[in-house]
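All remarks here apply to the structure that follows.
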Amino acid sequence: ANLRREVDPYEVYREAKLAWKLSRAQLAVLRELCAWREREARARNLPRNRIVREHSLWPLAKTQPDNLAALGRIEDMHPRTVRHDGEFLLELIKTAGTLPPEEWPPALPEPLPIDAAGSIKRLRAIGQQYAEQLDMAPELMLRKKTLEALLKSGYPDGPYQLPDSLRGWRRELMGQALLDSLATPGEQS
């Protein structure tokens, strides 16, 4: 059985490096580029970076080149990509660049600052304690995205809110312990 979760190609842009720095209009271009790259990687049965390198996505969305020469000057853009997919990429960028504002994705939040690492560590330790009690793999108890969403809800001084991704029995089991941990300042690990 294939246990890998299918990823929605139109959600992949959220994980792109530095995407949070782009405007909503630029994010619309990034979303289309990432979705196309994801679909092509599956269709061609190739790694994503063989389609378009990850480091090229952000500058493509930021600068939105309109000719092959400009496309070839994009950081880390492989000449093979320009030859095989250049015209298509230019058309995709042009089309995505003309989307009306109501079709743009919402702005992405900034990542947590480096000094939040201690809080993440503390929260993860709580998840590990509960996982051990239930004889469960710790990574199944609390996902990093859930911890980050919890921290972003009130960082750095609170109040914090449990994210929707922490629901059901997990919320019942450890929701209050997570909130209490964040309410107790100065316990940085």
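Residue numbers (my numbering): 1 to 189. Glycine residues also receive a C-beta, built at the ideal position from the N, C-alpha and C atoms.
query: Tell me the DSSP secondary structure of P105 in three-state form.; result: coil
query: Skipping 5 residues on each side, what residues in its chain have a beta carbon closer than 6 Å to that of E110?; result: W20
query: Once DSSP output is grouped into helix, strand and coil, what is the label at I74?; result: coil
query: Put S23 into one of helix, strand or coil per three-state DSSP.; result: coil
query: Assuming I126 and A43 form a contact by the criterion Cβ under 8 Å, report the distance between their Cβ atoms to the nearest whole angstrom.; result: About 42 Å; that fails the 8 Å criterion.
query: Below 7 Å between beta carbons: does that hold for G86 and L68?; result: yes
query: Less than 8 Å between the CB atoms is what I'm expecting for L30 and L57, so what's the real figure, rounded?; result: 6 Å
query: Under 6 Å Cβ to Cβ from H78, same chain only, skipping five residues before and after it: list those, please.; result: none
query: Please classify M141 as buried or exposed, where buried requires at least 16 other C-beta atoms within 10 Å of its C-beta.; result: buried
query: Quick check on this structure: which residue in F88, L173, P47, K145 has the alpha carbon closest to the alpha carbon of L112?; result: K145
query: Hey, quick one: how far does the alpha helix (DSSP H) through S56 stretch, first residue to last?; result: 54 to 63
query: My output table needs one value for V82: the three-state DSSP class, helix, strand or coil.; result: helix
query: Report the rounded CA-to-CA distance for P159 versus L134, giving the unit in angstroms.; result: 29 Å
query: My assumption, with CB atoms under 8 Å, is that W104 sits in contact with L18. Please give the rounded CB distance.; result: Wrong, their Cβ atoms sit about 18 Å apart, outside the cutoff.
query: Kindly provide the ranges of any alpha helix (DSSP H) runs that are 4 or more residues long and lie completely inside the region 86 to 159, ordered along the chain.; result: 117 to 133, 138 to 141, 144 to 152
query: Distance, Cα to Cα, I93 vs N45?; result: 23 Å
query: Within this structure, are the beta carbons of P138 and A131 separated by less than 7 Å?; result: yes
query: From E32 to G97, what does the alpha carbon distance come to, in whole angstroms?; result: 10 Å
query: So, A41 versus Y10, is the Cβ gap smaller than 7 Å?; result: no
query: Kindly indicate which residue of D76, S181, R143 has the alpha-carbon position closest to the one of S119.; result: S181
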